[in-house]
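If you read the protein sequences in the order shown, they are chains A and B.
Read in order, the letters of the first sequence correspond to residues 32 to 148 in the numbering used here.
Read in order, the letters of the second sequence correspond to residues 2 to 111 in the numbering used here.
Scroll down for the structure; my scribbles are underneath it.
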Amino acid sequence: KAGVTQTPRYLIKTRGQQVTLSCSPISGHRSVSWYQQTPGQGLQFLFEYFSETQRNKGNFPGRFSGRQFSNSRSEMNVSTLELGDSALYLCASSQIAGGPLNTGELFFGEGSRLTVL
Amino acid sequence: QKEVEQNSGPLSVPEGAIASLNCTYSDRGSQSFFWYRQYSGKSPELIMSIYSNGDKEDGRFTAQLNKASQYVSLLIRDSQPSDSPTYLCASKGRDDKIIFGKGTRLHILP
Numbered sequence: 032k033a034g035v036t037q038t039p040r041y042l043i044k045t046r047g048q049q050v051t052l053s054c055s056p057i058s059g060h061r062s063v064s065w066y067q068q069t070p071g072q073g074l075q076f077l078f079e080y081f082s083e084t085q086r087n088k089g090n091f092p093g094r095f096s097g098r099q100f101s102n103s104r105s106e107m108n109v110s111t112l113e114l115g116d117s118a119l120y121l122c123a124s125s126q127i128a129g130g131p132l133n134t135g136e137l138f139f140g141e142g143s144r145l146t147v148l
Numbered sequence: 002q003k004e005v006e007q008n009s010g011p012l013s014v015p016e017g018a019i020a021s022l023n024c025t026y027s028d029r030g031s032q033s034f035f036w037y038r039q040y041s042g043k044s045p046e047l048i049m050s051i052y053s054n055g056d057k058e059d060g061r062f063t064a065q066l067n068k069a070s071q072y073v074s075l076l077i078r079d080s081q082p083s084d085s086p087t088y089l090c091a092s093k094g095r096d097d098k099i100i101f102g103k104g105t106r107l108h109i110l111p
């Protein structure tokens with residue numbers, strides 16, 4: 032069973048540009064969450080999508096956005112990049128979202144490492 | 002702001018000893034708790050989950066939960082050099098957000 036796939040793995044952008052990251056969840060998983068990881072702040076929750084709807088959102092500015100497609104694949108976009116956006120962006124999938132059947136266990140992709148110059 | 006707090010370490014433990022990792026959380030509504038490990042340059046992987054008060058054992062790992070004290074711990078018995086990644090504690094609140102601590106680096110001394 033293929034794991035969570037994130038593309039691209041590495042990218043370099045300059046301030047002011049925008050970037051789109053892609054995530055394909057494990058087959059059959061319908062929930063996709065995005066996290067930003069930096070050495071100083073650790074893993075910070077960005078947002079979660081389920082059935083093409085944003086279920087939860089973290090405390091990030093509106094420059095950070097995402098969406099989910101009908102096949103559960105998800106993309107996140109960061110506009111007007113700032114130096115502080117340099118980070119590892121991790122996508123995680125789980126079978127379902129919410130409710131008593133949701134164990135909350137996340138399966139992470141390898142991440143997209145973004146460097147903003 | 003809901004938070005999960007961990008000591009950043011590094012926590013140094015002699016090989017073969019018991020490593021004890023601790024975590025506190027601020028959201029009393031949190032229902033589920035997780036320990037992930039993350040090797041340098043790799044993504045986090047789940048090693049233990051715990052949902053009710055008490056101990057849960059899985060091989061060399063034991064997770065402990067005390068909801069009254071809002072405290073979660075992970076014990077690693079017979080510590081091996083391969084047990085030296087960063088350990089991340091996470092909680093899932095009633096809003097289903099999974100919040101992570103910043104992680105504790107573990108260093109097993111040969």
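Ideal Cβ positions, reconstructed from N, Cα and C, are used throughout, including at glycine.
{"Item": "With distances taken between CB atoms, is the gap from Thr146 of chain A to Asn108 of chain A smaller than 7 Å?", "Value": "no"}
{"Item": "So for Pro1 of chain B, helix, strand or coil by DSSP?", "Value": "Residue 1 of chain B lies beyond the stretch modelled for chain B, which goes from 2 to 111, so this question has no answer here."}
{"Item": "Where are the alpha helix (DSSP H) runs, 4 residues long or more, that stay fully inside the stretch 17-61 of chain B, in chain order?", "Value": "none"}
{"Item": "Considering Thr111 of chain A, what are the terminal residues of the beta strand (DSSP E) in which it resides?", "Value": "Here Thr111 of chain A belongs to no beta strand (DSSP E), and DSSP marks it neither H nor E."}
{"Item": "Whose Cβ in chain B lies nearer than 8 Å to the Cβ of Thr38 of chain A?", "Value": "Under the 8 Å cutoff, chain B gives no residues; its nearest Cβ is about 14 Å from Thr38 of chain A."}
{"Item": "Tell me which residues share the same chain as Thr8 of chain A and place their Cβ nearer than 7 Å to its Cβ, disregarding the 5 neighbours each side in the sequence.", "Value": "Here chain A comprises residues numbered 32 to 148, so residue 8 of chain A is not present and cannot be evaluated."}
{"Item": "Output needed for Gly17 of chain B: all residues of its chain with C-beta closer than 7 Å, excluding positions within five of it in sequence on either side, in chain order.", "Value": "Asp79, Ser80"}
{"Item": "Identify whether Ser83 of chain B lies in helix, strand or coil by the three-state DSSP scheme.", "Value": "helix"}
{"Item": "Cβ closer than 7 Å: which chain A residues qualify as neighbours of Val102 of chain B?", "Value": "Contrary to the premise, residue 102 of chain B reads as Gly rather than Val in this sequence. The contacting residues are Gly73."}
{"Item": "Would you check if the stretch 20-31 of chain B and the stretch 39-58 of chain B touch, i.e. whether three or more CB-CB distances between them fall below 8 Å?", "Value": "no"}
{"Item": "Check the C-beta distance from Tyr80 of chain A over to Arg144 of chain A and give it rounded, since I have them as a contact under 8 Å.", "Value": "Tyr80 of chain A to Arg144 of chain A, Cβ: 22 Å. No contact."}
{"Item": "Quick one: grab the DSSP three-state call for Arg46 of chain A.", "Value": "coil"}
{"Item": "Comparing the C-beta of Glu83 of chain A with each C-beta of chain B, is any distance below 7 Å?", "Value": "no"}
{"Item": "Pull the bridge partners of Thr146 of chain A from the DSSP assignment, please.", "Value": "A:Ile43"}
{"Item": "Please report the Cβ distance between Gly10 of chain B and Arg106 of chain B, rounded to the nearest whole angstrom; I am assuming they are in contact, meaning their Cβ atoms lie under 8 Å.", "Value": "4 Å"}
{"Item": "Pick helix, strand or coil for Val35 of chain A, following the three-state DSSP scheme.", "Value": "coil"}
{"Item": "Give me, in chain order, the residues of the same chain whose beta-carbon lies closer than 7 Å to that of Leu137 of chain A; leave out the 5 immediate sequence neighbours on both sides.", "Value": "Ser64, Ala123, Ser125"}
{"Item": "Could you work out which residues of chain B lie near Trp137 of chain A, taking near to mean beta carbons separated by less than 9 Å?", "Value": "According to the sequence provided, residue 137 of chain A is Leu. The question's Trp does not apply to it. What Leu137 of chain A touches in chain B: Phe35, Tyr37, Pro45, Leu47, Ala91, Ile99."}
{"Item": "Please confirm if Phe76 of chain A has its CB atom under 7 Å from at least one CB of chain B.", "Value": "yes"}
{"Item": "Buried or exposed for Arg94 of chain A, going by 16 or more other Cβ atoms inside 10 Å?", "Value": "exposed"}
{"Item": "Please give the ranges of any beta strand (DSSP E) in the stretch 68-112 of chain A, keeping only runs that are unbroken, at least 3 residues long and fully inside the region.", "Value": "73-81, 84-88, 95-99, 105-109"}
{"Item": "Helix or strand or just coil, what does DSSP make of Thr134 of chain A?", "Value": "coil"}
{"Item": "Let me check one thing: in DSSP terms, what residues is Ser74 of chain B bridge-paired to?", "Value": "B:Asn23, B:Gln65"}
{"Item": "According to a CB-to-CB cut-off of less than 7 Å, which residues of the stretch 47-68 of chain B neighbour chain A?", "Value": "Leu47, Ser50"}
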